[in-house]
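Engineer: Mind looking over this structure? Questions follow.
Residue numbers (my numbering): 138 to 626.
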């Protein structure tokens, strides 16, 4: 367990050359319509970028074969996922975002790198250079060839880039507006994209009617929702407790802390007095304790100031945020193939002194209670809150988990990814959980689509990598506390 990689040793320039960019349109005519976006979707109008790395495959020896295969699959998948070929628009009458399903197309880019896949460094470490493997915006001359005008509303909701490496491997970089998918529905999209590429039926037909998550009329908000912050108050937030979505101007250190399967088992053993000791709960409890206690101010040389700061820190409340899938929690449950955002922010809060003194099992219970709180009525209250207010999750730290989404379990005609990860733009108060990278022999050039290797639950069966970005002194404290609380009895 420890820091995995020195970021200074990572390649900062992957020497990527773009060869071709175009729009890809649905392979069949689709219905022109307007797609309603829920209040959960409304606040997620930003792009999420993921990169999926593949080794060389004997059935796809030439890079253009893979690129054409992906492009053809994209055109076909835009039929059941017609909204991906649409454009985001603001309804002037309701002031709500909607998707105009106008078949304007998704973006497609073909590029190459001068490096081999094994030369670009540790795939687990979210290298900022991976942004070169994703196209964030299409050139205005492609979107509007007649005029070349550049309008934000003309940008595709999804852009897919295929970047080949000199070894025969390649990366598939996807940029999509978060209003289109949450992690679970994006995983289904990838499964369906892989099925279409293999000329197979869809794994599941996407359920696209988002009215199922519409607010009640009239809205009813029986809970206080301290995990939410109204947008109108964002500019006046106390500097010590900003929204987790605000970028920081501070210089940050970045570290990845790796918990092996043995480490996770050790944490579960510490929490054995509670039935709430799931892998996610114990890891999140450890992160919460370390983050809350590392934020205390004790660097001033004045002893009286240090004592006052310590007292203030102990009485400070710490709130941790984490995502909960509401699909199975609603009454009736949402369809498993629901396509859109069906994840809400759960929270746990406590005084820092309590987090320092209570048994670890108690912290695990507090994390578990945050998820248990997310009942049908609570979730509906959050959705109705969004009808009355405009705002975002609000807390000291947000844990964003990619641990068990299983993107690397998707079976494409060219094999499973070596690794899949988001392109990370580091934020001080967002901590990311990533799965471990699997053994490379599973993804060699001899990989066959008929492989019988048992990989069920690969993404979450082993350990987890925890990406933390903090100012230098806070990082030193976090690292010391992480080791202390992991190994102390």
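No residue lacks a Cβ here, since even glycine has one placed at the ideal position from N, Cα and C.
Measuring CA to CA, which of 267, 180, 327 and 277 is closest to residue 211?
Structural biologist: Nearest of 267, 180, 327 and 277 to residue 211, Cα basis: 327.
Engineer: When the Cα atoms are used, what is the spatial distance from residue 528 to residue 522?
Structural biologist: Each residue's alpha carbon lies about 9 angstroms from the other.
Engineer: Please classify residue 574: is it buried, with 16 or more other beta-carbons within 10 angstroms of its beta-carbon, or exposed?
Structural biologist: Residue 574 should be labelled buried.
Engineer: Taking its Cβ as the centre, do 16 or more other Cβ atoms sit within 10 Å of residue 621, making it buried, or is it exposed?
Structural biologist: Looking at its Cβ environment, which holds fewer than 16 other Cβ atoms inside 10 Å, residue 621 is exposed.
Engineer: Determine which residues share a DSSP beta bridge with residue 342 and list them.
Structural biologist: Partner(s): none; residue 342 has no beta bridge.
Engineer: What did DSSP end up calling residue 162 once you bin it into helix, strand or coil?
Structural biologist: In this structure, residue 162 counts as coil in the three-state DSSP scheme.
Engineer: Under DSSP, the beta strand (DSSP E) around residue 200 begins and ends at which residues?
Structural biologist: It is not in any beta strand (DSSP E) - residue 200 instead sits in the alpha helix (DSSP H) that spans 200-214.
Engineer: Less than 7 angstroms between C-beta atoms, sequence neighbours within five positions excluded: which residues of the same chain meet that for residue 398?
Structural biologist: Cβ neighbours of residue 398 beyond the five flanking positions: 599 and 600.
Engineer: At which residues does the beta strand (DSSP E) containing residue 224 begin and terminate?
Structural biologist: Here the beta strand (DSSP E) through residue 224 covers 224-228.
Engineer: Using 8 angstroms as the threshold, is the segment 509-522 in touch with the segment 401-409, meaning 3 or more CB pairs across them?
Structural biologist: No: fewer than three Cβ pairs fall under 8 angstroms.
Engineer: Measuring alpha carbon to alpha carbon, tell me which of 368, 197 and 473 ends up nearest residue 301.
Structural biologist: The residue with the shortest Cα to Cα distance from residue 301 is 197.
Engineer: Could you give the C-beta distance for residue 483 and residue 325, rounded to a whole number, given that I count them as a contact under 8 angstroms?
Structural biologist: About 22 angstroms separates the two Cβ atoms, so there is no contact after all.
Engineer: Suppose contacts are defined by Cβ-Cβ distances below 9 angstroms. Is residue 365 in contact with residue 269 by that definition?
Structural biologist: No; because the gap between Cβ atoms is not below 9 angstroms, this pair is not in contact.
Engineer: Can you find the residues in the same chain that come closer than 8 angstroms, C-beta to C-beta, to residue 582, ignoring five residues on each side of it along the sequence?
Structural biologist: Below a pLDDT of 50, predicted positions are generally treated as unreliable, and residue 582, at 37, falls in that range; no measurement from the model is reported.
Engineer: How far does the alpha helix (DSSP H) with residue 332 in it extend, from its first residue to its last?
Structural biologist: From DSSP, the alpha helix (DSSP H) with residue 332 extends over 320-334.
Engineer: I'd like the list of long-range same chain contacts for residue 615, defined as Cβ closer than 7 angstroms, with 5 residues on each side in sequence excluded.
Structural biologist: Excluding sequence neighbours, residue 615 sits near 427, 428, 431, 605 and 607.
Engineer: Counting pairs of Cβ atoms below 8 angstroms between the segment 542-549 and the segment 237-257, do you hit three or more?
Structural biologist: As far as the Cβ criterion goes, the segment 542-549 does not touch the segment 237-257, which means the pair count is below three.
Engineer: DSSP state of residue 233, grouped into three classes?
Structural biologist: Looking at residue 233 - three-state DSSP - the assignment turns out to be strand.
Engineer: Looking at residue 501 and the ligand NAD, is the gap between the Cβ and the nearest heavy atom below 8 angstroms?
Structural biologist: Of the ligands one can find in the structure shown there are none, so the ligand NAD has no counterpart to examine.
Engineer: Rounding to the nearest angstrom, what Cα-Cα distance links residue 591 and residue 340 in this structure?
Structural biologist: Caution applies to residue 591, whose pLDDT of 32 falls short of 50 and renders its modelled position unreliable; the value that the coordinates give is listed next. C-alpha separation (whole angstroms): 19 angstroms.
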